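The structure appears below as structure tokens.
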Amino acid sequence: MCSLRSRVLRPNTLYATVALENSVLQGEYYLASHTLMSSLHGLIHGFIMGSSVTFEDNIASMFFIRRMVHYFHNSLVSNSDLDSSTCSNVKKDGYLRFILEDPSNHLFSFEDSGDLKALFSLFGLAVFMNVLDKRTYRPYIEAGEPLSPDAIAQLQEYDRNTIPYPERRHCAYTRGLARELMIWFCGTYIINDLEDDSEVPHNLLSAFVVHIAVTMVQYKRQAAKHNKYSCCTPEAFEEQVSMSLMGIVEVDAEIEYHYQLEMLDDDDIPDLAMWYLDRVTITLAETPTQLHGRDEDYMLKGTNEADRLFFRGYHRGFKSPTKANARRLERKKI
Amino acid sequence: MAHMKSKFCSRQAPYSTNFVSCRETDHEPHCIEEKNKDMTILHWHDLATENAVQGWKLVPHGFGAVLEASTGKQWVIVVNTGSDASNFLPNFESVSPTNRAEIPMEAIVLHEGIKL
Numbered sequence: 000m001c002s003l004r005s006r007v008l009r010p011n012t013l014y015a016t017v018a019l020e021n022s023v024l025q026g027e028y029y030l031a032s033h034t035l036m037s038s039l040h041g042l043i044h045g046f047i048m049g050s051s052v053t054f055e056d057n058i059a060s061m062f063f064i065r066r067m068v069h070y071f072h073n074s075l076v077s078n079s080d081l082d083s084s085t086c087s088n089v090k091k092d093g094y095l096r097f098i099l100e101d102p103s104n105h106l107f108s109f110e111d112s113g114d115l116k117a118l119f120s121l122f123g124l125a126v127f128m129n130v131l132d133k134r135t136y137r138p139y140i141e142a143g144e145p146l147s148p149d150a151i152a153q154l155q156e157y158d159r160n161t162i163p164y165p166e167r168r169h170c171a172y173t174r175g176l177a178r179e180l181m182i183w184f185c186g187t188y189i190i191n192d193l194e195d196d197s198e199v200p201h202n203l204l205s206a207f208v209v210h211i212a213v214t215m216v217q218y219k220r221q222a223a224k225h226n227k228y229s230c231c232t233p234e235a236f237e238e239q240v241s242m243s244l245m246g247i248v249e250v251d252a253e254i255e256y257h258y259q260l261e262m263l264d265d266d267d268i269p270d271l272a273m274w275y276l277d278r279v280t281i282t283l284a285e286t287p288t289q290l291h292g293r294d295e296d297y298m299l300k301g302t303n304e305a306d307r308l309f310f311r312g313y314h315r316g317f318k319s320p321t322k323a324n325a326r327r328l329e330r331k332k333i
Numbered sequence: 000m001a002h003m004k005s006k007f008c009s010r011q012a013p014y015s016t017n018f019v020s021c022r023e024t025d026h027e028p029h030c031i032e033e034k035n036k037d038m039t040i041l042h043w044h045d046l047a048t049e050n051a052v053q054g055w056k057l058v059p060h061g062f063g064a065v066l067e068a069s070t071g072k073q074w075v076i077v078v079n080t081g082s083d084a085s086n087f088l089p090n091f092e093s094v095s096p097t098n099r100a101e102i103p104m105e106a107i108v109l110h111e112g113i114k115l
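Line by line, the protein sequences give chains A and B.
Each residue of the first sequence is one higher than the last, beginning at 0 in numbering that gives the first Met the number 0.
Each residue of the second sequence is one higher than the last, beginning at 0 in numbering that gives the first Met the number 0.
So, in structure tokens, the structure goes:
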């Protein structure tokens, strides 16, 4: 045992404290780019197990995830100037101040599979951003008003929840950026198998996302079986996971997700790790891809099925379709 | 033991990508809408009287944490959770000292005025 004044804990760490005398402990949370896989695991553990394992406070970590996706997209895709001799990205015009500090602190060099795991995890966090946010499962009501049947109907029909409209748009936009970040990665780097040096097909990312989706659903079902409910039912969670994949991953990956879900053994306690990611090496492609996406495309490309329902509802003023039909019928009678 | 909000803002540290990314993306589409977001939310204080115990807690929301003794002395016991849900299922005893006995633990005394 050692003695010191401060201690840095990695994400996804359990800790306990014992006060040896009257004391004040000052704490600060952080997110680090190189430990994003631990962050993804920690977020899933905390969301599914809820207050039985973690603090129930109202910090929206997704705010920081959104900003990190912007940051990596800016650094790697929008402003990328690839220096192939060092196999890393260095921006030379000095626009971003991080270059004046130490860029290696935060950016990925992809010299080992750790950076690949972190990048895939960042994409996973962007895809499941709304799924792992408690506000997604709460019906929208005006402040001070009681919960009405209309609010519940709007949640079911339009996915209208307590995440405000501007934030909802930002989530979709961020997913679009994250998708382009992954397209950039797949065009710039080649992933090889560590053992036989053969090229790994690029559906490794889809396999990763599907694996996380399936294990999360399995985890949630298991937790419910042991009476750990946190903020939503397994059915609501499963529906959100399914909607988060529609329109974001390829159709093949969606089919694979539903296939794997059917084959699940509900008695297994899942492991969120994907061992295959440890067995790859990453090399720079001979002709790296340069992408220059347009702002309006990001929103479109990052809109999943839940967002589509929500934006449709927003443009209709969240009128219940059943009520609208009833009104139309009444008008016809008149 | 009391857990309370702090008024300190996030600070730049070699590991905090959240700080750098927030600073560098303020002008981006949709980020302007979030410009006045409360940045003190990542800070807190734990006030403890002698012999107070806080059971096992996971650092929330996928964050990492930095703990620093402002005054007094505390033991901090740490376990890396990993990816396995069997750490928490079928049951998890947050106050049992032997709960995590099968996983290597690390114990540190945080002490005011001592730095490494």
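Backbone N, C-alpha and C define an ideal beta-carbon position, used for all residues, glycine too.
Small disclaimer: the values here were computed from a predicted structure and weren't measured.
Contact set between residue i and chain A, taken where Cβ atoms lie within less than 8 angstroms
i            : result
residue 40/B : 58
Contacts that residue i makes with chain B (C-beta to C-beta distance below 9 angstroms)
i             : result
residue 14/A  : 53, 55, 56, 57, 58, 64, 66, 75, 76, 77 and 78
residue 165/A : 29, 32 and 33
residue 179/A : Chain B residues near residue 179/A: none, gap ~14 angstroms exceeds 9 angstroms.
residue 221/A : 84, 88 and 89
residue 210/A : The contacting residues do not exist; residue 210/A stays about 11 angstroms from chain B at best.
residue 128/A : Simply none; closest approach about 11 angstroms.
residue 29/A  : 9, 12, 14, 15, 16, 17, 18, 41, 62, 63, 64 and 65
residue 41/A  : 57, 58, 59, 60, 61, 62, 63 and 80
Where residue i falls: helix, strand or coil (DSSP)
i             : result
residue 181/A : helix
residue 317/A : coil
residue 153/A : helix
residue 93/A  : Residue confidence for residue 93/A is low, a pLDDT of 39 falling below 50, so the modelled location carries little weight; the figure read from the coordinates is stated next. Three-state DSSP puts residue 93/A in coil, outside helix and strand.
residue 307/A : helix
residue 114/A : helix
residue 188/A : strand
residue 299/A : helix
residue 94/B  : coil
residue 225/A : coil
residue 6/A   : strand
residue 17/B  : helix
residue 44/B  : strand
residue 79/B  : strand
residue 86/A  : Only weak support exists for where residue 86/A lies, its pLDDT of 35 falling under 50; the coordinates are left without a value.
residue 73/B  : strand
residue 145/A : coil
residue 6/B   : coil
residue 193/A : coil
residue 204/A : helix
residue 34/B  : coil
residue 58/B  : coil
residue 51/B  : coil
residue 171/A : helix
residue 162/A : coil
residue 237/A : helix
residue 0/B   : coil
residue 130/A : coil
residue 106/A : coil
8 angstroms Cβ cut-off: residues of chain B touching residue i
i             : result
residue 23/A  : 44, 45, 46, 47, 68, 69, 70 and 71
residue 10/A  : 58, 61, 62 and 63
residue 110/A : Ordered by position in chain B, no residue passes the 8 angstroms Cβ test against residue 110/A, which lies about 18 angstroms from the chain.
residue 337/A : It is not possible to answer for residue 337/A, since the shown part of chain A is limited to 0 through 333.
Chain-ordered chain A contacts of residue i [CB-CB under 7 angstroms]
i            : result
residue 89/B : 225
residue 13/B : 104
Interface partners of residue i on chain B, CB under 7 angstroms
i             : result
residue 268/A : 84, 85 and 88
residue 218/A : 84
residue 34/A  : 63
residue 301/A : Those do not exist, as residue 301/A stays about 11 angstroms from chain B at its closest Cβ, beyond 7 angstroms.
Next item on the list: Evaluate the contact criterion for the stretch 42-55 of chain B versus the stretch 11-20 of chain A: three or more CB pairs, one atom per stretch, below 8 angstroms.
Entry: yes
Item checked: Completely contained beta strand (DSSP E) runs for the stretch 241-287 of chain A, where each covers 3 or more residues -> 279-283
Check: What are the start and end residues of each continuous beta strand (DSSP E) run of 3 or more residues lying completely inside the stretch 13-84 of chain A, in chain order?
Finding: 22-29
Note to self: Taking 8 angstroms as the cut-off, does the stretch 227-238 of chain A touch the stretch 261-281 of chain A (at least 3 CB pairs, one atom from each stretch)?
What the structure shows: no
Notebook entry, point to check: Just by C-beta distance, which residues in the stretch 270-288 of chain A are closer than 7 angstroms to chain B?
Noted result: 270, 271 and 272
Notebook entry, point to check: Taking contact to mean at least 3 C-beta pairs separated by less than 8 angstroms, is the stretch 303-320 of chain A in contact with the stretch 155-163 of chain A?
Noted result: yes
Check: Taking three-plus beta-carbon pairs below 8 angstroms as touching, is the stretch 32-43 of chain A in contact with the stretch 22-34 of chain B?
Finding: no
Next item on the list: Scan the stretch 43-72 of chain A for residues whose Cβ lies nearer than 7 angstroms to a Cβ of chain B and list them as they occur along the chain.
Entry: 44, 45, 48, 51, 52, 53, 54, 56, 58, 60, 62, 63, 66, 67, 69 and 70
Notebook entry, point to check: Do the stretch 61-72 of chain B and the stretch 7-15 of chain A touch if we need at least three Cβ pairs shorter than 8 angstroms?
Noted result: yes
Item checked: Under 8 angstroms (Cβ pairs) to chain B, residues found in the stretch 133-151 of chain A -> none
Checklist line | Segment contact flag, the stretch 159-179 of chain A with the stretch 104-112 of chain A, C-beta cutoff 8 angstroms, min 3 pairs | finding: no
Note to self: Could you check whether the stretch 70-77 of chain A touches the stretch 138-153 of chain A, counting it as contact only if at least three pairs of C-beta atoms, one from each stretch, sit closer than 8 angstroms?
What the structure shows: no
Checklist line | At least three beta-carbon pairs within less than 8 angstroms, the stretch 237-256 of chain A to the stretch 184-197 of chain A | finding: no
Item checked: Three-pair Cβ contact test at 8 angstroms for the stretch 48-59 of chain A versus the stretch 83-93 of chain B -> yes
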